[in-house]
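Notes for the one structure printed next.
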Amino acid sequence: MAPPPPQPRRRRLSALATDRSVFPILFALPAKSLLRFKCVSKTWNYAISHPQFRDTYNACRASSSVPRFFFFQGSDFDYDQRSGASLHRFATLNSAGVPLDVLPITVFGGPIKLVLPSSRGLLCFATETCVYLCNPSTHSLVQLPPLHGGSGQTIAGFGFGYIGSTGEYKVARLVHKPEEGYYVPCKFECSVFTYPATQPAVTNAWKVLADPCPYFVAEFSLPVFVRGAESVYWKINQSRHCRCNSKAGGRQDAFLVYLDIKKERFGVVRGPQGWRRAIHGNPPRIMEDEPEGKLRMIETPGDLPLRLVVWVLADQQNSHWVKQAIVSLPPLDNRTILGEIKVYTSDWIIFSSPDNVIIFVNRKKGTVRKVGIPTGLRNLDFCTYTENLLTLRLPPCESRN
Numbered sequence: 016m017a018p019p020p021p022q023p024r025r026r027r028l029s030a031l032a033t034d035r036s037v038f039p040i041l042f043a044l045p046a047k048s049l050l051r052f053k054c055v056s057k058t059w060n061y062a063i064s065h066p067q068f069r070d071t072y073n074a075c076r077a078s079s080s081v082p083r084f085f086f087f088q089g090s091d092f093d094y095d096q097r098s099g100a101s102l103h104r105f106a107t108l109n110s111a112g113v114p115l116d117v118l119p120i121t122v123f124g125g126p127i128k129l130v131l132p133s134s135r136g137l138l139c140f141a142t143e144t145c146v147y148l149c150n151p152s153t154h155s156l157v158q159l160p161p162l163h164g165g166s167g168q169t170i171a172g173f174g175f176g177y178i179g180s181t182g183e184y185k186v187a188r189l190v191h192k193p194e195e196g197y198y199v200p201c202k203f204e205c206s207v208f209t210y211p212a213t214q215p216a217v218t219n220a221w222k223v224l225a226d227p228c229p230y231f232v233a234e235f236s237l238p239v240f241v242r243g244a245e246s247v248y249w250k251i252n253q254s255r256h257c258r259c260n261s262k263a264g265g266r267q268d269a270f271l272v273y274l275d276i277k278k279e280r281f282g283v284v285r286g287p288q289g290w291r292r293a294i295h296g297n298p299p300r301i302m303e304d305e306p307e308g309k310l311r312m313i314e315t316p317g318d319l320p321l322r323l324v325v326w327v328l329a330d331q332q333n334s335h336w337v338k339q340a341i342v343s344l345p346p347l348d349n350r351t352i353l354g355e356i357k358v359y360t361s362d363w364i365i366f367s368s369p370d371n372v373i374i375f376v377n378r379k380k381g382t383v384r385k386v387g388i389p390t391g392l393r394n395l396d397f398c399t400y401t402e403n404l405l406t407l408r409l410p411p412c413e414s415r416n
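Residue numbers (our numbering): 16 to 416.
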């Protein structure tokens, strides 16, 4: 008689769920602590590895109001001339400023140029020619395969985001491809990679879109992914675009170009009607309006008392912006200098600062809290992320022959 088939993993998960008090405790644990429980027994290993458990944990951590911090510096790296690799040392901190991990990351194609804001726990960054996905919670990193025939092409822009309806991450990559003739308009080819990849990495490589990106994007201005619109937004480098495309026309009032990464279509958004960028203060920051699932733009005029002007893109198709709020900040001491806005929620506004502190503004209480940055991480840039149990892997590459 043949042995009975093994029980599916969902039975293992239900066996652990007999005590309903267990899961809320596990969901509250940091990812690093939780993963240690996989060594307790096979049942615990199956339960924590189960997709249903992982998805629920990721959703709980994504809804957390206090993120973790990922510190990086693209200019500080060790270069191996023999292999052409660049070794970066990144670090993570919790909201109290306590160091959590140091992540040595090896990349190719030069040093890291830009680290994008986190989407559903993952980070995306690129060198001159390569794109990477990273999960700081599981210390996993994957280099996405090169474009067919595009190895070594310089990246002109990139972005990524998580599509909740499909459970997939989409990475968009823009490549500058001048056409024949000096005065012929430039072409910005766009290709999209989907993760997780179910096919071998070569056959499931980048999909080149039929329509190119219609504008030059501001290369070092952080793109923003908005879940509600399922789109990545870039600021337009209008002056550079006009020089390159003098005969192509294009809207002079265009402010943002976006890619709907699910429908794989480009669109353009104008700035608010009658709006003029502030001469003083920081450039406007575009961010996701998480409760509404829309795009938000925040201006810091730079006058006193300190305040933020918050706009929300109410109607993307017609470029209709609504001035959502003018937020007055609590008084700061004369020695505190505000940097870039990193987080804006109904509870918190989090700023970087050249004073080597992270500044938390509690919107409900009207209080300010400063968290010192450890000595080894001072003068580094940082972004925020939420914990995620996903271990990144790509299928093995097939031979091209």
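Glycine included, each C-beta is placed from N, C-alpha and C at the ideal position.
Asked, Found
"From Leu344, Val186, Asp370, Gly182, residue whose alpha carbon lies closest to that of Thr71", "Gly182"
"DSSP-derived helix/strand/coil call for Phe52", "helix"
"Three-state secondary structure assigned by DSSP to Arg188", "strand"
"Within 8 Å, strictly: CB atoms of Thr107 and Arg83", "yes"
"Continuous beta strand (DSSP E) assignments of at least 3 residues falling wholly in the segment 105-175", "114-123, 138-141, 146-150, 155-158"
"Residues near Asp362 in its chain [Cβ-Cβ closer than 8 Å; skip 5 each side]", "Ser80, Asn377, Arg378, Lys379"
"For Lys277, the three-state DSSP class (helix, strand or coil)", "coil"
"Residue environment, Cys54, which counts as buried when at least 16 other CB atoms sit within 10 Å", "exposed"
"Beta-carbon proximity list for Asp396, same chain, < 8 Å, skipping 5 on both sides", "Phe86, Phe87, Gln88, Val130, Ser367"
"Straight-line Cα distance separating Ser36 from Trp59", "15 Å"
"Selected residue, minimal CA-CA separation from Val239, among Phe231, Met302, Gln332", "Met302"
"Residue from Phe375, Cys398, Thr406 whose Cα sits closest to the Cα of Ala111", "Phe375"
"Leu138 burial status per 10 Å Cβ neighbour count (16 or more: buried)", "buried"
"Helix, strand or coil at Ile352 [DSSP, three-state]", "coil"
"Gly289 burial status per 10 Å Cβ neighbour count (16 or more: buried)", "exposed"
"Proximity to Tyr359 [Cα-Cα], best of Gly391, Asp330, Leu392, Leu310", "Leu310"
"Identity of the residues DSSP links to Ile373 by a beta bridge", "Val386"
"Neighbourhood of Ser236 by C-beta, 6 Å cutoff - its chain only, sequence neighbours within 5 removed", "Lys250"
"Which of helix, strand or coil DSSP assigns to Phe270", "strand"
"Proximity below 8 Å, CB of His154 to CB of Thr169", "no"
"Supposed contact pair Tyr273 and Val247 - C-beta distance, whole angstroms, cut 8 Å", "6 Å"
"Cβ neighbours of Met312 in the same chain (closer than 6 Å, five flanking residues each side left out)", "Pro299, Ile301, Trp326"
"Proximity test, Arg285 beta-carbon vs the ligand NAD heavy atom, cut-off 7 Å", "Looking for the ligand NAD in the displayed structure turns up nothing, as the structure carries no ligands at all."
"Opening and closing residue of the beta strand (DSSP E) in which Asp396 lies", "396-400"
"Straight-line gap, Arg242 to Glu204 (C-alpha atoms, nearest Å)", "24 Å"
"Under 8 Å between C-beta atoms of Ser101 and Val117", "no"
"7 Å CB neighbourhood of Pro119 in its chain, flanking five on each side removed", "Leu102, Arg104"
"Presumed contact (8 Å Cβ cut-off) between Pro132 and Cys398, rounded CB distance", "5 Å"
"Asn436 versus Leu115: straight-line alpha-carbon distance, rounded", "A question about residue 436 goes unanswered here, because the residues of the chain that appear run from 16 up to 416."
"Tyr94 burial status per 10 Å Cβ neighbour count (16 or more: buried)", "exposed"
"Opposing strand residues paired with Glu314 [DSSP bridges]", "Val324"
"Under the three-state DSSP convention, the category Trp249 falls into", "strand"
"Rounded separation between Arg97 and Phe270 - CA only", "43 Å"
"Local Cβ density within 10 Å of Ser343, reported as buried at 16 or more and exposed below that", "exposed"
"Delimiting residues of the beta strand (DSSP E) encompassing Asp93", "93-95"
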